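J.:
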Amino acid sequence: MIPLGIDPAADEAVVQGALTEGMAGEAALESHLIEDHLQRTGLGALAATARAKAREVFRDAPADSDGWAGQWRRAARHMSQLTADPEELKRAEEALAEDMSEENLRRLQAILDRMRRESVESGAG
204 MIPLGIDPAA DEAVVQGALT EGMAGEAALE SHLIEDHLQR TGLGALAATA
254 RAKAREVFRD APADSDGWAG QWRRAARHMS QLTADPEELK RAEEALAEDM
304 SEENLRRLQA ILDRMRRESV ESGAG
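According to my numbering, the sequence shown holds residues 204 to 328 in order.
See the structure below:
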């Protein structure tokens, strides 16, 4: 446990935690502290957008565990693609700058088209 007076957020958690009972209260407290921190650091709107997108991705309520696993796999695949696309785009731009060939231009355009299409399909664009 962190001694009182060292970290204001920890102090607040200790005081509020003493007032809250049970695991549900602790989870609500943690959620509240994180939300307050994000607001103080100017990330509240970004966090709200992320929550809304997460709710949209998981808006269905599959009855079986395979349905949930499928949703997680789709989300993971999308996130993996989001991290891979910028690197692939950078390589294509570098190749075009190095060699202004028709093939390199088509490759760059294909990557950009795919990124736009995936963005629209995911609801991000």
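C-beta atoms are modelled at their ideal positions from N, C-alpha and C, and glycine is treated no differently.
All values derive from a computational prediction rather than experimental measurement.
#1: Use the C-beta contact count for Ala279: other C-beta atoms within 10 angstroms, 16 or more gives buried, fewer gives exposed.
#2: What did DSSP end up calling Val323 once you bin it into helix, strand or coil?
#3: Report the three-state DSSP secondary structure of Met303 (helix, strand or coil).
#4: Does the Cβ of Ala255 have 16 or more other Cβ atoms within 10 Å, making it buried, or fewer, making it exposed?
#5: Would you say Leu299 and Leu285 are within 8 angstroms of each other, going by their C-beta atoms?
#6: How close, in whole Å, do the beta carbons of Glu290 and Ile314 come, if the pair is a contact with beta carbons under 8 angstroms?
#7: Within the same chain, show all residues whose beta-carbon is closer than 7 angstroms to that of Arg309, passing over the 5 residues directly before and after it, in chain order.
#8: Buried or exposed: which applies to Ala362, given that a residue is buried once 16 or more other Cβ atoms fall within 10 Å of its Cβ?
#9: Less than 8 angstroms between C-beta atoms, sequence neighbours within five positions excluded: which residues of the same chain meet that for Leu241?
#10: How is Leu311 classed by DSSP in three states: helix, strand or coil?
#11: For Ala295, count neighbouring C-beta atoms within 10 Å of its own C-beta (all shown protein chains included) and say buried if the count is 16 or more, exposed if not.
#12: Quick one, are the C-beta atoms of Met318 and Asp269 less than 8 angstroms apart?
T.: For this structure:
#1: Taking the first residue of the sequence shown as position 1, residue 279 is located at position 76. Of the residues assessed, Ala279 falls on the exposed side of the cut-off, its CB having fewer than 16 other CB atoms within 10 angstroms.
#2: Residue 323 sits at position 120 when you count from the first residue of the sequence shown. The three-state reading of DSSP puts Val323 in helix, counting H, G and I together.
#3: Position 100 of the sequence shown, counted from the first residue, corresponds to residue 303. Residue state, collapsed to three classes: coil.
#4: Residue 255 sits at position 52 when you count from the first residue of the sequence shown. Burial call: exposed.
#5: Position 96 of the sequence shown, counted from the first residue, corresponds to residue 299. Position 82 of the sequence shown, counted from the first residue, corresponds to residue 285. Against a cut-off of 8 angstroms, the Cβ pair of Leu285 and Leu299 comes out as no contact.
#6: Counting from one through the sequence shown, the residue named residue 290 turns up at place 87. Counting from one through the sequence shown, the residue named residue 314 turns up at place 111. Incorrect: roughly 11 angstroms between the Cβ atoms, too far for contact.
#7: The count along the sequence shown starts at 1 and reaches residue 309 at position 106. Hits under 7 angstroms: none found.
#8: Since the displayed the chain opens at 204 and closes at 328, residue 362 lies outside it and no answer follows.
#9: The count along the sequence shown starts at 1 and reaches residue 241 at position 38. Within its own chain, the residues whose Cβ lies closer than 8 angstroms to the Cβ of Leu241, once the five positions on either side in sequence are excluded, are Gly247, Leu249, Ala250, listed in chain order.
#10: On the sequence shown, residue 311 is found 108 positions in, with the first residue counted as 1. The answer is helix: DSSP assigns Leu311 an H, G or I state.
#11: Taking the first residue of the sequence shown as position 1, residue 295 is located at position 92. With 16 or more other Cβ atoms within 10 Å, it is buried.
#12: The residue labelled residue 318 in the question sits at position 115 within the sequence shown. The residue labelled residue 269 in the question sits at position 66 within the sequence shown. Their beta carbons are not under 8 angstroms apart, which means Met318 does not touch Asp269 by this criterion.
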